[in-house]
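One rule links them: number in this note's numbering = place in the sequence shown (from 1) + 6. Virtual Cβ for every residue (Gly too), placed ideally from N, Cα, C. Just so you know, these numbers come straight off a predicted model, no measurement behind them.
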Amino acid sequence: MRYLIIISVWFLSVMSMGFAQDEAEEETRKITIIHAGTLMAVAGNATLERQSIIVEDGKIKGIKPSYVNEDGDADVTIVDLKDKFVMAGLMDVHVHLASRGDNPADYALNGVTNAYKTLMVGVTTVRDLGAADDTIFKLRKAVADGDVIGPRILSAGNIIGVGGRDNGKECNGVESCRRTTRDMITSGADWIKIYSSCSGGQFCSNEEGAPMFFDDEIEAITEVAKKYEIKVAAHSHPRASALHVLKYGVSSIEHGSFINDEAMEIMIREGVYYVPTVAVMDMIEEDIADPESDPEMVAHETKFYENNPKKIYEAYKKGVKIATGTDAGVVPHGKNYREVERFVELGMANADALKAGTVNSADLLDLSDDLGTIEVGKIADIIAVSGNPLEEIKDIENIVFVMKEGRVYKD
Ligand SMILES: [Zn+2]
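So this is what it looks like as structure tokens:
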């Protein structure tokens, strides 16, 4: 009887293996072939004409130098972008998707809407640098699971600061800073975001403003982050605050409004990224022009307006690595292209602005092996615009096609 059972089990296993094999053999490969009129595979490199990008299982399987219509016996879907400019999905490394509103329901609804708007303008990856509660972690999962349409999200959770903010987590003294940082990481943060200076809307964010943390506090934060191999992004406006946090090994300076030569030199030496969020100048411009604005605030903002674009150009010329972050949430979501447009307005070459939004941003996020370019083996995050943003940067607004991980979201 025992032998009979063993033999039956063996027989059934062999049978089911046989079925599994048959099923695998019968299943036809499903691929998408994109016919790209102009392909900027790697921003900064020469473009190629009349290319075919073969996408399978969410990845780039091949790039062929002409228009091909088949790949073996695969079931093919052709995407005709013969008169379009095709490039890698854009990134925005400084957004706040789920931070506006009065309660968690608002955060969730706004988060879903903002995620959709962001993807529709060709941004396939974002780093969220500060949310009101843990809604952002749920949004990150919902997008990853395919339940919500949006860009891939890396999230810092709540911002760590010295207190006094509604949406921040407090760090006061070494123990508190350690605990807060560790809690944020164990809650699921991909990054740590710190407020190392006042926010731009406060007068203490001016050039002479003071750094927020004590040495041992910032040291506690960066030590914990390092232990968990999590990078730290530091919000910083005044001259002294960037210099302060740079001493302790942060990976990006956000805003960096009044960074000086010394800070830039450290950033070049240590490979620290500058995320200048110059798209915020749109809002500052409006405030300055508005006769209803508070004159004292206008004076404060004018200093940023006159200083920041020049500073960014200086950093660019010196060779500081620059990535694109709009601070969407402070400025409108779905206009994430404003950062590269502003980069070009302040003197950056079009190709370098597009590189900041793809290659550099992927590098900052440690995603270069998978994203940032259109190369064989990478994840298929591919967008297309009409026109040519290498000649006219405003063409980056004309997004006609968005693919994220091989799936088409806009065509
Ligand atoms: Zn921000």
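Handout entry: Secondary structure of E403, DSSP reduced to three states
Key = Residue numbering aside, residue 403 sits at position 397 when the sequence shown is read from its first letter. Reduced to three states, the DSSP call for E403 is helix.
Practice task
Indicate whether the contact test is met: 3 or more Cβ pairs, each with one atom in the stretch 156 to 167 and one in the stretch 188 to 208, closer than 8 Å.
Solution key: yes
Exercise for the section: Using the Cα positions of L396 and T186, report the straight-line distance between them to the nearest angstrom. Expected result: To locate residue 396, count along the sequence shown from 1; it is residue 390. To locate residue 186, count along the sequence shown from 1; it is residue 180. About 44 Å.
Handout entry: Top-ranked residue by Cα proximity to R56, from G50, K65, V74, V48
Key = The residue labelled residue 56 in the question sits at position 50 within the sequence shown. Distances from the alpha-carbon of R56 to those of G50, K65, V74, V48 put V74 closest.
Exercise for the section: Find the nearest neighbour of V284 within the set I294, F310, P301, judged by alpha-carbon distance. Expected result: Start at 1 with the first residue of the sequence shown, and residue 284 comes out as number 278. Ranking the options by Cα distance to V284, first place goes to F310.
Handout entry: I385 and D376 closer than 7 Å at C-beta
Key = Here residue 385 is taken as the residue at index 379 of the sequence shown, counted from 1. Here residue 376 is taken as the residue at index 370 of the sequence shown, counted from 1. Against a cut-off of 7 Å, the Cβ pair of D376 and I385 comes out as a contact.
Problem - L45 to I60 span [Cα, whole Å] - result: Indexing the sequence shown from 1 puts residue 45 at position 39. Indexing the sequence shown from 1 puts residue 60 at position 54. So the two alpha carbons sit approximately 13 Å from each other.
Handout entry: Any non-hydrogen atom of ligand 2 closer than 6 Å to D98 Cβ
Key = The ligand content of the structure shown is limited to ligand 1, which means ligand 2 is not among them.
Problem - Residue span of the alpha helix (DSSP H) that contains E411, given as start and end - result: Stepping through the sequence shown from its first residue, residue 411 is reached at position 405. Per DSSP, E411 belongs to no alpha helix (DSSP H) and is neither H nor E.
Problem - S211 vs S202 beta-carbon contact at 7 Å - result: The residue given as residue 211 occupies position 205 in the sequence shown. The residue given as residue 202 occupies position 196 in the sequence shown. Cβ atoms of S211 and S202: not closer than 7 Å.
Exercise for the section: Reducing DSSP to helix, strand and coil, say where K36 ends up. Expected result: Reading the sequence shown from its first residue, position 30 is the one you call residue 36. Strand, per DSSP.
Exercise for the section: Would you check whether ligand 1 has a heavy atom nearer than 6 Å to the C-beta of D63? Expected result: As a position in the sequence shown, residue 63 is number 57, starting the count at 1. No; taking the cut-off as 6 Å, the Cβ of D63 has no heavy atom of ligand 1 nearer than that.
Practice task
Taking only heavy atoms of ligand 1 into account, decide whether any of them is closer than 6 Å to the Cβ of D333.
Solution key: The residue given as residue 333 occupies position 327 in the sequence shown. At least one heavy atom of ligand 1 is nearer than 6 Å to the Cβ of D333, so yes.
Exercise for the section: Let me know the secondary structure DSSP gives G330 once reduced to three states. Expected result: Stepping through the sequence shown from its first residue, residue 330 is reached at position 324. A small fix is needed here, since residue 330 is Thr in this sequence, not Gly. Here T330 sits in coil by DSSP.
Exercise for the section: Spell out a yes or no on whether the stretch 278 to 292 and the stretch 340 to 353 are touching, meaning 3 or more CB-CB pairs, one atom from each, closer than 8 Å. Expected result: yes
Exercise for the section: To the nearest angstrom, report how far apart L249 and I40 are at their CA atoms. Expected result: The residue given as residue 249 occupies position 243 in the sequence shown. The residue given as residue 40 occupies position 34 in the sequence shown. If you take the alpha carbons of L249 and I40, they lie about 46 Å apart.
Exercise for the section: Taking T364 and L96 to be in contact with their CB atoms under 8 Å, please state how far apart those CB atoms are, rounded to whole angstroms. Expected result: Along the sequence shown, one-based indexing puts residue 364 at 358. Along the sequence shown, one-based indexing puts residue 96 at 90. So it is a contact: roughly 6 Å between Cβ atoms.
Problem - Spatial distance of V238 from G78 (CA atoms) - result: Working through the sequence shown from its first residue, we reach residue 238 at position 232. Working through the sequence shown from its first residue, we reach residue 78 at position 72. Each residue's alpha carbon lies about 46 Å from the other.
Problem - Segments of 4+ residues assigned as alpha helix (DSSP H) that fall wholly inside the stretch 154 to 229 - result: 180 to 192
Problem - Check whether F421 and E213 have beta carbons under 7 Å apart - result: Look at the range of the chain in this structure, 7 to 417, and you will see that residue 421 is not part of it.
Handout entry: Secondary structure of I11, DSSP reduced to three states
Key = Along the sequence shown, read from residue 1 onward, the residue named residue 11 stands at position 5. A caution first: I11 carries a pLDDT of 47, below 50, which makes its placement in the model too unreliable to give a value.
Practice task
Provide the residue span of the beta strand (DSSP E) that contains R344, from first to last.
Solution key: Along the sequence shown, read from residue 1 onward, the residue named residue 344 stands at position 338. Premise fails: R344 lies in the alpha helix (DSSP H), 344 to 351, not in any beta strand (DSSP E).
Problem - DSSP three-state assignment for W16, whether helix, strand or coil - result: Within the sequence shown, numbered from 1, the residue matching residue 16 stands at position 10. Residue placement at W16 is poorly supported in this model, since its pLDDT is 46, which falls under 50; the coordinates still yield a value, given next. Residue state, collapsed to three classes: helix.
Handout entry: Through-space distance from L103 to Y122, alpha-carbon basis
Key = By one-based count along the sequence shown, residue 122 stands at place 116. By one-based count along the sequence shown, residue 103 stands at place 97. Near 10 Å, if we compare the C-alpha coordinates of L103 and Y122.
Practice task
Measure the alpha-carbon distance for T38 versus D89 and round it to whole angstroms.
Solution key: In the sequence shown, the residue the question calls residue 38 occupies position 32. In the sequence shown, the residue the question calls residue 89 occupies position 83. Whole-angstrom Cα-Cα distance: 18 Å.
Exercise for the section: Report yes or no: do three or more beta-carbon pairs, one from the stretch 126 to 143 and one from the stretch 396 to 411, lie closer than 8 Å? Expected result: yes
Problem - Coarse secondary structure for I265, derived from DSSP in three states - result: Residue mapping note: residue 265 aligns to position 259 of the sequence shown, counting from 1. The answer is coil: DSSP assigns I265 none of H, G, I, E or B.
Exercise for the section: Kindly indicate which residue of G353, M93, I405 has the alpha-carbon position closest to the one of I418. Expected result: Nothing can be reported for residue 418, as the shown portion of the chain is limited to 7 through 417.
Handout entry: Which of helix, strand or coil DSSP assigns to E55
Key = Position 49 of the sequence shown holds residue 55. Strand, per DSSP.
Problem - Reduced DSSP category for K416 - H, G, I as helix; E, B as strand; rest coil - result: As a working mapping, residue 416 is identified with position 410 in the sequence shown. In this structure, K416 counts as strand in the three-state DSSP scheme.
Exercise for the section: Would you give the residue range spanned by the alpha helix (DSSP H) that R245 belongs to? Expected result: Taking the sequence shown and counting its residues from 1, one reaches residue 245 at position 239. Here the alpha helix (DSSP H) through R245 covers 245 to 252.
Problem - Distance CB(I399)-CB(N356) smaller than 7 Å - result: For the purposes of this step, residue 399 is taken as the residue at position 393 of the sequence shown. For the purposes of this step, residue 356 is taken as the residue at position 350 of the sequence shown. Contact: yes.
Practice task
Could you check the C-alpha separation between Y254 and A114 for me, to the nearest Å?
Solution key: Position 248 of the sequence shown holds residue 254. Position 108 of the sequence shown holds residue 114. Roughly 34 Å separates the two Cα atoms.
Problem - Backbone CA spacing between H100 and D189 [nearest angstrom] - result: Along the sequence shown, one-based indexing puts residue 100 at 94. Along the sequence shown, one-based indexing puts residue 189 at 183. For H100 and D189, the distance between alpha carbons rounds to 22 Å.
Exercise for the section: Would you please state the rounded distance, in angstroms, between the beta carbons of F209 and H306? I believe it to be under 8 Å. Expected result: In the sequence shown, counting from the first residue as 1, residue 209 sits at position 203. In the sequence shown, counting from the first residue as 1, residue 306 sits at position 300. Going by Cβ atoms, the distance from F209 to H306 rounds to 6 Å, so yes, they are a contact pair.
Problem - Between the CA atoms of R184 and E381 - distance to the nearest angstrom - result: The sequence position of residue 381 within the sequence shown is 375, counting from 1. The sequence position of residue 184 within the sequence shown is 178, counting from 1. Approximately 41 Å between the Cα atoms of the pair.
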